[in-house]
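Undergrad: Handing you a structure now.
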Amino acid sequence: DSYLYSVFGFNQQAKLTFASLNSEDEPRAIALTEVQGITLPPPPQPQRLGLVVRVENLAETITALSKLGLKIIQANKFTVEPNLIFTEQAFEDYDGHLIILYQVRTG
709 DSYLYSVFGF NQQAKLTFAS LNSEDEPRAI ALTEVQGITL PPPPQPQRLG
759 LVVRVENLAE TITALSKLGL KIIQANKFTV EPNLIFTEQA FEDYDGHLII
809 LYQVRTG
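All letters in the sequence shown, in the order written, are residues 709 to 815 by the working numbering.
Here it is in structure tokens:
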């Protein structure tokens with residue numbers, strides 16, 4: 709049995725499909741699990757956890773997510789030394805999980 713059953717408290721009726729994504733620096737940098745066969749409760753509100761992902765083109769990514777009908781949260785922009793411009797924007801996936809995207813530029 710998968711360790712995920714005890715970690716997340718899934719009952720044995722749940723069917724789990726697991727995939728992991730590697731990054732240049734980290735094998736299995738992010739893991740995704742599809743859960744079938746049980747009904748999951750929605751994430752609690754207010755959100756208590758957000759997945760943070762750096763993207764190269766935030767505007768393009770948000771446009772694509774908007775076309776999928778996902779809930780988009782207003783962007784935030786700030787500058788830090790030495791002249792780094794951060795833009796961050798979040799969305800909720802189809803299951804209601806919070807995902808925060810950010811882009812870094814120099815300016």
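Idealized CB from N, CA, C, for every residue including glycine. Quick caveat: nothing in here was measured; it's all calculated off a predicted structure.
Relative to the alpha-carbon of Glu-800, which residue among Lys-785, Arg-756, Pro-790 has its alpha-carbon at the smallest distance?
TA: Within the sequence shown, residue 800 is the residue found at index 92, counting from 1. Nearest C-alpha to Glu-800: Arg-756.
Undergrad: Using only the alpha-carbon positions, how far apart do Val-715 and Glu-764 sit?
TA: Here residue 715 corresponds to residue number 7 of the sequence shown, with the count starting at 1. Here residue 764 corresponds to residue number 56 of the sequence shown, with the count starting at 1. So the alpha carbons of these two residues sit roughly 33 angstroms apart.
Undergrad: For the alpha helix (DSSP H) containing Ser-774, name the first residue and the last one.
TA: Sequence index remark: in the sequence shown, residue 774 carries index 66 (1-based). Start and end: 766–775.
Undergrad: Which residue or residues does DSSP assign as beta-bridge partners of Ser-728?
TA: On the sequence shown, residue 728 is found 20 positions in, with the first residue counted as 1. Partner(s): Ala-739.
Undergrad: Straight-line CA distance for Val-812 to Thr-747?
TA: Residue mapping note: residue 812 aligns to position 104 of the sequence shown, counting from 1. Residue mapping note: residue 747 aligns to position 39 of the sequence shown, counting from 1. In a straight line, the C-alpha of Val-812 is about 38 angstroms away from that of Thr-747.
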